[in-house]
Amino acid sequence: MKARDKGQVKEIAEARIRKLFEFAKEEARARPELAKRYIKLARELARKTQTKIPQELKKSFCKKCGLIFTTKSRVRTKKGLLVYTCQKCGEKRRFRIIRN
Ligand SMILES: [Zn+2]
């Protein structure tokens with residue numbers, strides 16, 4: 090595979106990953122199991138194509154159980170860190186708050 094083709098594959102993969110996350114967000118409340126499936130597919134796609142999941146999307150789900158964070162997820166800000174607590178497994182994720 091040529092380097093250019095590889096770049097194209099990643100571009101397409103990233104677009105698909107974004108789409109899957111969109112679907113997951115739409116289904117997060119009504120059908121969380123389906124949302125989890127979309128996340129799983131997106132992560133598999135990222136792994137297979139060695140594409141990085143965009144940073145802002147990475148922040149939107151629980152790495153442990155794959156549940157997408159909704160507004161119900163507990164969010165706390167602590168010393169410039171954003172802390173999400175997963176409603177399902179209790180996993181905490183911390184993110185640095187980026188200020189422009
Ligand atoms: Zn979780």
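What the sequence shown shows, in the working numbering, is residues 90 to 189, in sequence order. Every residue, glycine too, gets a C-beta built ideally from N, C-alpha and C.
Residue range of the beta strand (DSSP E) that Thr174 falls in?
The residue you call residue 174 lines up with position 85 of the sequence shown. Its beta strand (DSSP E) spans residues 170 to 174.
Output the distance between the C-alpha atoms of Arg136 and Arg185, rounded to the nearest integer angstrom.
The residue you call residue 136 lines up with position 47 of the sequence shown. The residue you call residue 185 lines up with position 96 of the sequence shown. Spanning the two alpha carbons is a distance of roughly 24 Å.
Is Lys147 near ligand 1, judged by its Cβ being under 7 Å from some heavy atom?
Looking up residue 147 in the sequence shown gives position 58. Not under cutoff, so the answer is no.
In the structure shown, what three-state DSSP assignment does Phe184 receive?
Counting from 1 along the sequence shown, the entry for residue 184 is found at position 95. DSSP places Phe184 in strand when its eight states are reduced to three.
Applying the criterion that 16 or more other CB atoms from any shown protein chain within 10 Å of the CB defines a buried residue, is Ala131 buried or exposed?
Residue numbering aside, residue 131 sits at position 42 when the sequence shown is read from its first letter. Ala131 should be labelled buried.
Proximity of Ala113 and Ile157 at Cβ, strictly below 8 Å
What you label residue 113 is simply residue 24 of the sequence shown in a count that begins at 1. What you label residue 157 is simply residue 68 of the sequence shown in a count that begins at 1. Yes, these two residues count as a Cβ contact at 8 Å.
Which of helix, strand or coil DSSP assigns to Ser110:
For the purposes of this step, residue 110 is taken as residue 21 along the sequence shown, with counting starting at 1. A quick correction: the sequence has Phe, not Ser, at residue 110. Helix.
Here's the rule I'm using: 16 or more other beta-carbon atoms within 10 Å means buried, otherwise exposed. How should Arg182 be labelled?
Within the sequence shown, residue 182 is the residue found at index 93, counting from 1. Counting Cβ neighbours within 10 Å, Arg182 comes out buried, since at least 16 surround it.
Taking 8 Å as the threshold (C-beta atoms), are Ile187 and Gly155 in contact?
Walking along the sequence shown from the start, residue 155 turns up at place 66. Walking along the sequence shown from the start, residue 187 turns up at place 98. No, the pair does not count as a contact, with Cβ atoms beyond the cut-off.
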